[in-house]
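Using my numbering, the letters of the sequence shown correspond one by one to residues 74 to 236. All C-beta atoms, glycine included, are put in the ideal place defined by N, C-alpha and C. Values in this document were obtained by computation on a predicted structure and should not be read as measured data. Below: the structure, in structure tokens.
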Amino acid sequence: MAVSSTPMDLTRAAHVGISVSDLDVSIAFYRALTGREPVVADETMRSVPFGEAQGLPVAKLRYATFNLDNVGIDLIQFQDPVGERTNGAANRPGSMHLCFKVDDFDAVYRRMKEAGYDFLGEDYTFIAGEVTPDAALGTQVAYFNDPDGTNLEIIRPEGGFSN
């Protein structure tokens, strides 16, 4: 796909949409994760044109929206057509992750482990020789998945990671 180099000036995110297999399970997960209630808890859409706008023959779905301080999370359960799970490993082109910024990494990580969150590996702090610029040294990260395998991260950023 050839794309023009003309800037489009898209600089503000409105929301991230996450396809889920069971909206009720995902609402419970993200409610516990964020401590927020969904502003839209169980709405529906059904439309051929809306589906076609997404490259699908139709879109029949249930959805919920969580508003965080700086971005929304739309959880979307497609009922028609039902999709297959992507099992998106972090290194697969096209996969993405949603990152949650925390101030007290150690406390949040410990609280999440005690609550039963399964991290993909141990928490990690960037050290010299592994990341540039040096201002990013000391950034702490840990990765985990939601019930459908969506890649999630917590971060206490330093330097260039702290925007």
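DSSP bridge partner residues for residue i (one or two, in chain order)
i, result
"Tyr136", "Glu116 and Ile149"
"Lys174", "Ile228"
"Asn299", "This structure leaves residue 299 out entirely; the chain is present only between 74 and 236."
"Ile91", "Leu148"
"Asn218", "Asn224"
"Thr198", "Gln213"
Nearest-angstrom beta carbon gap, residue j and residue i [assumed within contact, 8 Å]
i, j, result
"Pro220", "Ser99", "6 Å"
"Ala114", "Ala87", "Actually they are not in contact, since the Cβ atoms of Ala114 and Ala87 sit about 19 Å apart, beyond 8 Å."
"Tyr103", "Phe139", "5 Å"
"Arg165", "Gly222", "Not a contact, Cβ separation roughly 11 Å."
"Ile146", "Ile227", "Contact flag wrong, Cβ pair sits at about 15 Å."
Spatially closest choice to residue i from the options, by CA coordinates
i, options, result
"Gly232", "Ala215, Phe217 and Ala208", "Ala208"
"Glu195", "Ala215, Arg184 and Glu203", "Ala215"
"Phe217", "Phe173, Pro130, Asp177 and Leu96", "Phe173"
"Met185", "Ala75, Arg85, Ser78 and Gly108", "Gly108"
"Val112", "Gly124, Glu125 and Leu148", "Leu148"
"Asn160", "Asp176, Met169, Asp97 and Pro154", "Met169"
"Asp177", "Asp95, Glu203, Pro230 and Gly156", "Pro230"
"Leu96", "Thr79, Ala162 and Val155", "Val155"
"Ser94", "Asp82, Val121 and Gln152", "Gln152"
Neighbour-count burial assignment, residue i, 16 or more Cβ in a 10 Å radius
i, result
"Leu134", "buried"
"Ile200", "exposed"
"Thr212", "buried"
"Ala105", "exposed"
"Ala132", "buried"
"Arg85", "exposed"
"Leu193", "exposed"
"Gln150", "buried"
"Gly128", "exposed"
"Gly124", "buried"
"Leu225", "buried"
Per-residue DSSP class, three states only, for residue i
i, result
"Thr212", "coil"
"Phe123", "helix"
"Thr84", "coil"
"Thr107", "helix"
"Tyr190", "coil"
"Asp207", "helix"
"Leu96", "helix"
"Asp179", "helix"
"Ala75", "coil"
"Arg165", "coil"
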